[in-house]
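First residue of the sequence shown? That's 79 in our numbering, and the numbers climb one at a time after it.
Virtual Cβ for every residue (Gly too), placed ideally from N, Cα, C.
Here is the structure we will look at.
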Amino acid sequence: MTSVVYERVALIGLGLIASSMFWAMKRSGLAGEVTGFARSVETRDTARRIGLCDRVSDTVVEAVQDADLVVLCVPVGVMGQVAAEIAPHLKPGATVSDVGSVKAGVIEAVQPHLPAGVHFVPAHPIAGTEHSGPESGFAELYDNRWCLLVPVEGTDPAATERLRALWEGMGANVDEMEADHHDLVLAVTSHAPHLIAYTMVGVADDLRRVTDSEVIKYSAAGFRDFTRIAASDPTMWRDVFLTNKEATLEILGRFTEELFALQRAIRTGDGEHLHDYFTRTRAIRRGIIEAGQDTAAPNFGREKS
Ligand code: NAP
Numbered sequence: 079m080t081s082v083v084y085e086r087v088a089l090i091g092l093g094l095i096a097s098s099m100f101w102a103m104k105r106s107g108l109a110g111e112v113t114g115f116a117r118s119v120e121t122r123d124t125a126r127r128i129g130l131c132d133r134v135s136d137t138v139v140e141a142v143q144d145a146d147l148v149v150l151c152v153p154v155g156v157m158g159q160v161a162a163e164i165a166p167h168l169k170p171g172a173t174v175s176d177v178g179s180v181k182a183g184v185i186e187a188v189q190p191h192l193p194a195g196v197h198f199v200p201a202h203p204i205a206g207t208e209h210s211g212p213e214s215g216f217a218e219l220y221d222n223r224w225c226l227l228v229p230v231e232g233t234d235p236a237a238t239e240r241l242r243a244l245w246e247g248m249g250a251n252v253d254e255m256e257a258d259h260h261d262l263v264l265a266v267t268s269h270a271p272h273l274i275a276y277t278m279v280g281v282a283d284d285l286r287r288v289t290d291s292e293v294i295k296y297s298a299a300g301f302r303d304f305t306r307i308a309a310s311d312p313t314m315w316r317d318v319f320l321t322n323k324e325a326t327l328e329i330l331g332r333f334t335e336e337l338f339a340l341q342r343a344i345r346t347g348d349g350e351h352l353h354d355y356f357t358r359t360r361a362i363r364r365g366i367i368e369a370g371q372d373t374a375a376p377n378f379g380r381e382k383s
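See below:
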């Protein structure tokens, strides 16, 4: 049995993550009233048309007034700007959270704007698809996915616990993590892999000019999966790399070293090195499936992951 966790929730930004939150909150009756705001008239009109949010405000200031929970669901590069705009209008005792894919940079950008008496509990749901916009969300997105909470120093533990209850009510498993550690872990598991996918698709695109449409026509599962990742929102990912610079560069440095080692093994015919390496990586895939983070389906089972 779930019950209302927050009487009034404001979602700022109405894309994949916010719309999925709305449908998930509705599914389980976790919020009394949800107000939404997005930057463009077009997105606000779409939200009204599809019933996304109980009320859609034309200004961000109106959206956050009286809200018990305000969730910033905008690209990480504009979190600080939005926080500055809403700060004077927040209700005392309200909680501000976000869903940004990077945590240290967002905390640095948002926290200085928030007035005393407002709780700040940053969060990151590790769930998404390559689709974006107000029509891309669905209630099940967070089911059995992780949501990491990154409370800042001095945050009232009761505010963190309440946000945890919301995410658990939306189907997620919740853990707490420190910001820098979060950013390093995500650089390994998400940010660097996205950059690699973008690069691989770029390389294939260059090749396509040489081989006409063969790259697309005969695209095998490996490449197709790269194209799915590389179809992710350009603004979101530009901001992720610019905001999680240090950790991403650290991981890319290590990646390049490993790539050179594999390149050398191929050149020198060192099959043992290649076989050992691929055996090790295969075991990681098994671990991910066993942890319930993906399925063993040959199509990668990734429609909703
Ligand atoms: P999205 O579908 O592209 O939606 C972004 C929303 O933010 C849009 O409604 C957009 O409004 C709004 N927006 C952009 N700039 C704004 C501004 N200056 N002021 C007000 N609203 C603004 O993005 P998303 O995938 O939901 O991502 C949102 C956040 O979640 C990002 O911080 C991202 O890092 C994080 N995240 C994403 C994923 C994922 O896989 N997609 C997973 C976890 C976390 P308009 O439509 O009017 O332009």
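Asked	Found
Residue nearest to residue 168 in terms of C-alpha spacing, selected from 181, 325 and 193	193
Rounded distance between the beta-carbons of residue 226 and residue 253, thought under 8 Å	6 Å
Residue burial classification, residue 113 (beta-carbon count within 10 angstroms, cutoff 16)	buried
Limits of the unbroken beta strand (DSSP E) element including residue 175	173-176
Proximity to residue 90 [Cα-Cα], best of 284, 125, 316 and 278	125
Minimum C-alpha distance to residue 329 - residue among 128, 250, 298 and 270	270
Residue environment, residue 369, which counts as buried when at least 16 other CB atoms sit within 10 Å	exposed
Minimum length 4: unbroken alpha helix (DSSP H) runs contained in the stretch 109-167	119-128, 138-142 and 157-164
Min CB distance residue 260 to chain D below 9 Å	Of the chains in the structure shown, none is chain D; there is only one protein chain.
Neighbour-count burial assignment, residue 381, 16 or more Cβ in a 10 Å radius	For residue 381, the pLDDT reaches just 44, beneath the cut-off of 50, and the residue's location in the model is therefore unreliable, although a value from the coordinates is still provided. The residue is exposed, with fewer than 16 neighbouring Cβ atoms inside 10 Å.
Among 222, 240 and 187, the one whose alpha carbon lies nearest that of residue 251	222
Rounded straight-line distance, which links the Cα of residue 213 to that of residue 322	28 Å
Which of helix, strand or coil DSSP assigns to residue 384	The requested residue 384 does not occur in the structure, where the chain is confined to residues 79 to 383.
Ranges of the alpha helix (DSSP H) found wholly within the stretch 292-326, counting only runs of at least 4	292-295, 299-307 and 312-321
Rounded distance between the beta-carbons of residue 149 and residue 180, thought under 8 Å	About 16 Å; that fails the 8 Å criterion.
Residue environment, residue 134, which counts as buried when at least 16 other CB atoms sit within 10 Å	buried
Own chain, CB closer than 8 Å to residue 263, minus 5 neighbours either side, in chain order	255
Buried/exposed call for residue 84, threshold 16 Cβ in 10 Å	buried
Closer than 8 Å: residue 81 CB and nearest the ligand GTP heavy atom	No copy of the ligand GTP appears in this structure; the ligands present are the ligand NAP.
Local Cβ density within 10 Å of residue 121, reported as buried at 16 or more and exposed below that	buried
Cross-strand partners of residue 227 (DSSP beta bridge)	201 and 254
Alpha-carbon to alpha-carbon, residue 372 and residue 80	27 Å
Local Cβ density within 10 Å of residue 136, reported as buried at 16 or more and exposed below that	exposed
Short Cβ contact (9 Å threshold) for residue 98 with residue 205	yes
Cα-Cα separation between residue 280 and residue 286, rounded to whole angstroms	10 Å
Cα-Cα separation, residue 340 to residue 351	8 Å
Residue 85 - DSSP class collapsed to helix/strand/coil	strand
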